[in-house]
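Input: a single structure, listed below in structure tokens.
In the working numbering, the protein residues as written are 2 to 154.
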């Protein structure tokens, strides 16, 4: 299991600490019950006020065999290396985790956090390594046909 201490070197612990601190600060200030957009805006301001580069609704384009097969929007992209997916539900659901994993699969970003502003504040970290994305050890690389790319639009 990947923990904060052994996260990929591209994600400094100090960055994660700021994100989690701001998550709890926003939750404690606003409480429970607002729409996801309210928390997204609050997190954006909290993170940028903390000196972090943060993008809202970052476009993720999914490719297969060199063709666009879909587009998604990550709630927040922090410092170009962490995707934040915000929820406002009772509990983090496996479908929410799968959504974040798919965002990681479709980008070169390896680390994401689900931040739940539900009745009880919770978060989960997800890691999907680039090595796992781009290499299939059971097949020759020449047979590798699945291609994904992060679109910077």
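Note that CB positions come from ideal geometry on N, CA and C, so glycine has one too.
>> Going residue by residue through the region 18 to 81, where are the continuous beta strand (DSSP E) segments of at least 3 residues, counting only ones entirely within it?
In response: Counting whole runs of 3 or more residues, the region 18 to 81 contains the beta strand (DSSP E) stretches 55 to 65, 68 to 79.
> What residue from 118, 106, 53 has the CA that sits closest to residue 81's CA?
Replying inline: Comparing Cα positions, the closest option is 53.
> For the candidate residues 46, 32, 64, 29, whose alpha-carbon lies nearest to that of residue 79?
Replying inline: Looking at the Cα atoms, 46 is the closest of the given residues.
>> By the three-class DSSP mapping on this structure, what secondary structure does residue 91 have?
In response: Under the three-state reduction of DSSP output, residue 91 falls in the coil class, being neither helix nor strand.
>> Using DSSP's beta-bridge definition, name the partner residues of residue 112.
In response: Answer is 83, 128, bridged to residue 112.
> Going by alpha carbons, who is nearest to residue 28 out of 76, 66, 124, 105?
Replying inline: Out of 76, 66, 124, 105, 124 has the C-alpha closest to the C-alpha of residue 28.
> In or out: residue 96 buried (at least 16 other Cβ within 10 Å) or exposed?
Replying inline: Its Cβ having fewer than 16 others within 10 Å, residue 96 is exposed.
> Do residue 41 and residue 87 have their C-beta atoms within less than 7 Å of each other?
Replying inline: Inclusion of residue 41 and residue 87 in the CB contact set at 7 Å is warranted, their separation being smaller than that value.
>> By alpha-carbon positions, which one of 122, 71, 69, 129 ends up nearest to residue 98?
In response: Ranked by Cα distance from residue 98, the options 122, 71, 69, 129 are led by 129.
> Are the Cβ atoms of residue 85 and residue 114 separated by less than 7 Å?
Replying inline: Closer than 7 Å, so yes.
> Apart from the five residues just before and just after residue 26, which ones in its own chain have a Cβ nearer than 7 Å to its Cβ?
Replying inline: Cβ within range, chain order: 47.
>> With distance defined between alpha-carbon atoms, name the residue in 17, 93, 108, 73 nearest to residue 122.
In response: Comparing Cα-Cα distances from residue 122 to each of 17, 93, 108, 73, the minimum goes to 93.
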